[in-house]
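Participant: To start, I am sharing the structure in question, which I have written as structure tokens.
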Amino acid sequence: MPRTPICPDRLNVLLIGGGGREHALAWKMRQSPRLGTLWVDATANPGILAQGRACPEPISHQTRFRLNRWCEREEIGLIVIGPEVPLAEGLADELAADGRFVFGPGKAGAKLESDKAWAKEIMRAGSIPTAEGRIFTRPEQAIAYAESREEGCVVKASGLAAGKGVFVCDTPDEAVNAVRRIMGEDPERLGRGEFGEAGSTIVIEEKLLGQEMSVLALVDGRSIWVLDPCQDHKQLGEGDVGPNTGGMGAYCPTPLATDDVMRQIERDVLVATVDTLRREGIIYQGVLYAGMMLTAGGPKVLEFNCRFGDPECQPIMSRLEGDVLEVIWATAAGGLDGIKGGLNADKRTSCCVVVCSEGYPGPITTGHRITGIEAAEACGEPGEDVVVFHAGTATSADGDLVTSGGRVLGVTATAADLPRAQALANEAAEKIEFAGAFFRRDIGGRVLPAETG
Numbered sequence: 184m185p186r187t188p189i190c191p192d193r194l195n196v197l198l199i200g201g202g203g204r205e206h207a208l209a210w211k212m213r214q215s216p217r218l219g220t221l222w223v224d225a226t227a228n229p230g231i232l233a234q235g236r237a238c239p240e241p242i243s244h245q246t247r248f249r250l251n252r253w254c255e256r257e258e259i260g261l262i263v264i265g266p267e268v269p270l271a272e273g274l275a276d277e278l279a280a281d282g283r284f285v286f287g288p289g290k291a292g293a294k295l296e297s298d299k300a301w302a303k304e305i306m307r308a309g310s311i312p313t314a315e316g317r318i319f320t321r322p323e324q325a326i327a328y329a330e331s332r333e334e335g336c337v338v339k340a341s342g343l344a345a346g347k348g349v350f351v352c353d354t355p356d357e358a359v360n361a362v363r364r365i366m367g368e369d370p371e372r373l374g375r376g377e378f379g380e381a382g383s384t385i386v387i388e389e390k391l392l393g394q395e396m397s398v399l400a401l402v403d404g405r406s407i408w409v410l411d412p413c414q415d416h417k418q419l420g421e422g423d424v425g426p427n428t429g430g431m432g433a434y435c436p437t438p439l440a441t442d443d444v445m446r447q448i449e450r451d452v453l454v455a456t457v458d459t460l461r462r463e464g465i466i467y468q469g470v471l472y473a474g475m476m477l478t479a480g481g482p483k484v485l486e487f488n489c490r491f492g493d494p495e496c497q498p499i500m501s502r503l504e505g506d507v508l509e510v511i512w513a514t515a516a517g518g519l520d521g522i523k524g525g526l527n528a529d530k531r532t533s534c535c536v537v538v539c540s541e542g543y544p545g546p547i548t549t550g551h552r553i554t555g556i557e558a559a560e561a562c563g564e565p566g567e568d569v570v571v572f573h574a575g576t577a578t579s580a581d582g583d584l585v586t587s588g589g590r591v592l593g594v595t596a597t598a599a600d601l602p603r604a605q606a607l608a609n610e611a612a613e614k615i616e617f618a619g620a621f622f623r624r625d626i627g628g629r630v631l632p633a634e635t636g
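The sequence shown finishes on residue 636 if you use the numbering used here, and the numbering steps up by one all the way, no holes.
Written as structure tokens, this is what we have:
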């Protein structure tokens with residue numbers, strides 16, 4: 184048996200990424216007594232920069248050699264990669280070294296997210312339950328197939344599209360339009376659709392019916408720790424209408440999954456996927472995120488992600504108890520089995536509401552002054568908590584906090600149950616002010632009628 188690694192008492196960490204997910208990770212790792220120096224991306228948002236020191240080196244796949252030398256000088260023991268793009272580029276492979284571990288899969292494992300067509304083949308090879316689908320590299324063939332789908336379908340760009348490359352289509356005309364948006368129409372000029380090269384291959388699937396939920400697990404190459412399930416809300420408008428976004432909010436835990444369903448997902452999806460990858464010669468390490476649909480025929484995979492979701496990470500981190508830094512290190516080092524205390528979750532519910540810029544997910548204007556964060560975090564009764572995580576924020580030349588993106592802040596409330604957490608998150612989000620601010624007020628509403636009777 185291999186010797187179980189032991190987490191150092193003091194650990195210097197580099198956190199890569201600059202959004203809401205990374206602010207939540209930085210906030211949680213700061214609570215660890217093992218944390219030495221937390222280094223963060225110098226281009227990260229002000230919420231992240233307030234948690235650590237700005238790395239003087241630019242962080243990208245292109246600067247990996249300089250970054251490696253800097254990590255050696257600063258005795259970095261752990262690198263945490265938050266976003267999907269550097270993982271897809273293979274940054275985890277490039278930065279791993281003796282005595283230095285990287286939290287996140289290598290380029291081969293990250294294909295589960297960066298190449299939906301390949302992920303479909305992996306699911307077929309592992310008999311992992313998912314929607315029936317076909318893969319296309321020629322727009323004329325995809326259009327012909329889309330025209331034949333009288334019962335509706337889902338059209339997906341195979342590559343990374345910031346959560347916006349999936350189109351749920353009720354009619355053949357909608358499906359054909361989705362193909363054209365993703366792939367373009369000229370078979371000799373692939374990659375000329377809205378998503379560039381990410382749309383040069385597409386997947387067209389049957390449309391599954393049921394409730395969606397997200398199940399995330401930590402994977403150290405051998406062991407799997409399944410976290411409490413979440414439910415996110417991708418569509419722009421209340422009542423789940425409008426275009427898909429990167430995520431308008433999420434809550435955790437969701438009551439949708441019974442213990443039996445969670446055991447089924449762990450066995451037939453998470454463990455089966457890790458085992459199938461191993462047979463392909465890929466040792467998967469990091470977060471394995473399964474987007475699931477609970478259908479009448481059982482849970483089925485909609486998609487895989489290779490990192491924490493954003494905004495799912497915010498309610499997950501708000502509920503986790505214990506030394507999250509130690510657990511992240513153990514995941515990266517292959518030592519989850521050696522952790523005695525492990526992770527527990529707060530019995531309360533967390534609900535994250537994302538406050539967005541006017542025009543999102545389309546064109547927006549930035550630079551609008553933000554106020555109300557302190558007032559938002561002061562909301563709630565004793566035993567309740569509100570944390571506002573920064574996403575698309577920046578500091579102006581005058582020192583003001585201003586908007587810099589479409590998804591601006593993740594207002595995350597933790598309370599006794601979902602109805603109260605939702606109400607508290609909405610109350611706190613109302614305190615946030617900037618020109619054009621808006622948010623969904625129904626995060627968690629898909630299950631609230633059943634809970635409240």
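We put the beta carbon where it would ideally sit given N, CA and C, even for glycine.
Keep in mind that this is a model prediction, so the values were computed, not measured.
What first and last residue would you give for the beta strand (DSSP E) that runs through Lys339?
Facilitator: Taking the sequence shown and counting its residues from 1, the one referred to as residue 339 is at position 156. That run of the beta strand (DSSP E) goes Cys336 to Ala340.
Participant: Does Asp276 come out as helix, strand or coil in the three-state DSSP assignment?
Facilitator: Within the sequence shown, residue 276 is the residue found at index 93, counting from 1. Asp276: helix per DSSP, three-state reduction.
Participant: Please name the residue or residues paired with Gln214 in a DSSP beta bridge.
Facilitator: As a working mapping, residue 214 is identified with position 31 in the sequence shown. Looking at the DSSP assignment, Gln214 forms no beta bridge with any residue, so it has no partner.
Participant: Alpha carbon to alpha carbon, what distance is there between Val338 and Gly316?
Facilitator: Position 133 of the sequence shown holds residue 316. Position 155 of the sequence shown holds residue 338. Going by the C-alpha atoms only, they are around 10 angstroms apart.
Participant: State the Cα-Cα distance for the pair Val585 and Gly542, rounded to the nearest angstrom.
Facilitator: By one-based count along the sequence shown, residue 585 stands at place 402. By one-based count along the sequence shown, residue 542 stands at place 359. Each residue's alpha carbon lies about 16 angstroms from the other.
Participant: Does the beta-carbon distance from Lys417 to Phe378 come in below 9 angstroms?
Facilitator: Counting from one through the sequence shown, the residue named residue 417 turns up at place 234. Counting from one through the sequence shown, the residue named residue 378 turns up at place 195. No, the pair does not count as a contact, with Cβ atoms beyond the cut-off.
Participant: Around the Cβ of Ala604, are there at least 16 other Cβ atoms within 10 angstroms (buried) or fewer (exposed)?
Facilitator: As a first step, residue 604 must be located in the sequence shown, where it is residue number 421. It is buried - the Cβ of Ala604 has at least 16 other Cβ atoms within 10 Å.
Participant: Count the other CB atoms within 10 Å of the CB of Thr532; is the residue buried (16 or more) or exposed (fewer)?
Facilitator: Counting from 1 along the sequence shown, the entry for residue 532 is found at position 349. The residue is buried, with at least 16 neighbouring Cβ atoms inside 10 Å.
Participant: What span of residues does the beta strand (DSSP E) with Tyr328 cover, start to end?
Facilitator: On the sequence shown, residue 328 is found 145 positions in, with the first residue counted as 1. Per DSSP, Tyr328 belongs to no beta strand (DSSP E); it is in the alpha helix (DSSP H), Pro322 to Glu330.
Participant: Between Val268 and the rest of its own chain, which residues show a CB-CB distance below 7 angstroms, the 5 nearest in sequence each way excluded?
Facilitator: The residue given as residue 268 occupies position 85 in the sequence shown. For Val268, where only same-chain residues beyond five positions count, the Cβ hits under 7 angstroms are Leu343.
Participant: Using the C-alpha atoms, what's the distance from Ala280 back to Arg252?
Facilitator: Here residue 252 corresponds to residue number 69 of the sequence shown, with the count starting at 1. Here residue 280 corresponds to residue number 97 of the sequence shown, with the count starting at 1. Those two C-alpha atoms are separated by around 11 angstroms.
Participant: Thinking C-beta only, is Lys211 closer than 9 angstroms to Met500?
Facilitator: In the sequence shown, residue 500 corresponds to position 317, counting from 1. In the sequence shown, residue 211 corresponds to position 28, counting from 1. Yes.
Participant: Taking Leu419 and Met431 to be in contact with their CB atoms under 8 angstroms, please state how far apart those CB atoms are, rounded to whole angstroms.
Facilitator: For the purposes of this step, residue 419 is taken as the residue at position 236 of the sequence shown. For the purposes of this step, residue 431 is taken as the residue at position 248 of the sequence shown. With a Cβ gap of about 7 angstroms, Leu419 and Met431 count as contacting.
Participant: Can you name, in chain order, every residue of its own chain whose Cβ lies under 6 angstroms from the Cβ of Cys496, other than the five neighbours on each side?
Facilitator: For the purposes of this step, residue 496 is taken as residue 313 along the sequence shown, with counting starting at 1. If we look at Cys496 and ignore the five residues flanking it on each side, its Cβ neighbours are Arg204 and Ala207.
Participant: Count the C-beta pairs between the stretch 504-518 and the stretch 398-407 that are closer than 8 angstroms, then say yes if the count reaches three, no if not.
Facilitator: Yes, the stretch 504-518 is in contact with the stretch 398-407.
Participant: Tell whether a beta-carbon distance below 9 angstroms holds between Gln503 and Ala479.
Facilitator: Here the question's residue 503 lines up with position 320 in the sequence shown. Here the question's residue 479 lines up with position 296 in the sequence shown. Note that residue 503 corresponds to Leu in the displayed sequence, not to Gln. No, these two residues do not count as a Cβ contact at 9 angstroms.
Participant: Is the beta carbon of Arg364 closer than 9 angstroms to that of Ile326?
Facilitator: Taking the sequence shown and counting its residues from 1, the one referred to as residue 326 is at position 143. Taking the sequence shown and counting its residues from 1, the one referred to as residue 364 is at position 181. Their beta carbons are not under 9 angstroms apart, which means Ile326 does not touch Arg364 by this criterion.
Participant: So what's Ser297 in DSSP terms, helix, strand or just coil?
Facilitator: Along the sequence shown, read from residue 1 onward, the residue named residue 297 stands at position 114. Looking at Ser297 - three-state DSSP - the assignment turns out to be helix.
Participant: Name the one or two DSSP bridge partners that Asp403 has.
Facilitator: For this step, residue 403 is matched to residue 220 along the sequence shown. Answer by DSSP bridge pairing, in chain order: Gln468.
Participant: For Ala612, which residues in the same chain have their Cβ closer than 6 angstroms to its Cβ, ignoring the five residues on either side in sequence?
Facilitator: As a position in the sequence shown, residue 612 is number 429, starting the count at 1. Excluding residues within five positions, the ones whose Cβ falls inside 6 angstroms are Val536, Val538, Val594 and Phe622.
Participant: Just verifying my parser: in three-state terms, what is the DSSP assignment at Cys413?
Facilitator: Residue numbering aside, residue 413 sits at position 230 when the sequence shown is read from its first letter. Correct three-state label for Cys413: strand.
Participant: Comparing the C-beta of Glu277 with each C-beta of chain D, is any distance below 9 angstroms?
Facilitator: Absent from the structure is chain D; it holds one protein chain and no more.
Participant: Check whether the Cβ atoms of Tyr434 and Cys336 lie closer than 9 angstroms to each other.
Facilitator: As a working note, residue 434 is residue 251 in the sequence shown. As a working note, residue 336 is residue 153 in the sequence shown. It is not a contact, given that the beta carbons lie outside the stated cut-off.
Participant: Taking 9 angstroms as the cut-off, decide whether the C-beta atoms of Ile553 and Glu616 are in contact.
Facilitator: Sequence index remark: in the sequence shown, residue 553 carries index 370 (1-based). Sequence index remark: in the sequence shown, residue 616 carries index 433 (1-based). In contact: Ile553 and Glu616 (Cβ atoms closer than 9 angstroms).
Participant: With DSSP as the reference, identify every bridge partner of Leu477, one or two as the case may be.
Facilitator: Along the sequence shown, read from residue 1 onward, the residue named residue 477 stands at position 294. In the DSSP output, where bridge partners are listed per residue, Leu477 has Gln394 and Pro482.
Participant: Please classify Lys530 as buried or exposed, where buried requires at least 16 neighbouring CB atoms within 10 angstroms.
Facilitator: On the sequence shown, position 347 is the one that residue 530 refers to. Exposed, by the Cβ-count rule.
Participant: Report the three-state DSSP secondary structure of Asp625 (helix, strand or coil).
Facilitator: For the purposes of this step, residue 625 is taken as residue 442 along the sequence shown, with counting starting at 1. Note: Asp625 maps to coil in three-state DSSP.
Participant: Round the Cβ separation of Ala516 and Ile311 to the nearest angstrom and send it over; I've been treating them as touching at under 8 angstroms.
Facilitator: The residue labelled residue 516 in the question sits at position 333 within the sequence shown. The residue labelled residue 311 in the question sits at position 128 within the sequence shown. No, Ala516 and Ile311 are not in contact; Cβ-Cβ is about 27 angstroms, not under 8 angstroms.
Participant: Does the distance from the C-beta atom of Gly202 to that of Gly589 stay below 9 angstroms?
Facilitator: Residue numbering aside, residue 202 sits at position 19 when the sequence shown is read from its first letter. Residue numbering aside, residue 589 sits at position 406 when the sequence shown is read from its first letter. No; because the gap between Cβ atoms is not below 9 angstroms, this pair is not in contact.
Participant: Give me whichever residues DSSP pairs with Trp222 in a beta bridge.
Facilitator: On the sequence shown, residue 222 is found 39 positions in, with the first residue counted as 1. BP columns for Trp222 point to Leu197 and Arg236.
Participant: Mind the definition here: the stretch 482-492 touches the stretch 289-304 only if three or more C-beta pairs lie below 8 angstroms; say whether that holds.
Facilitator: Segments in contact, yes.
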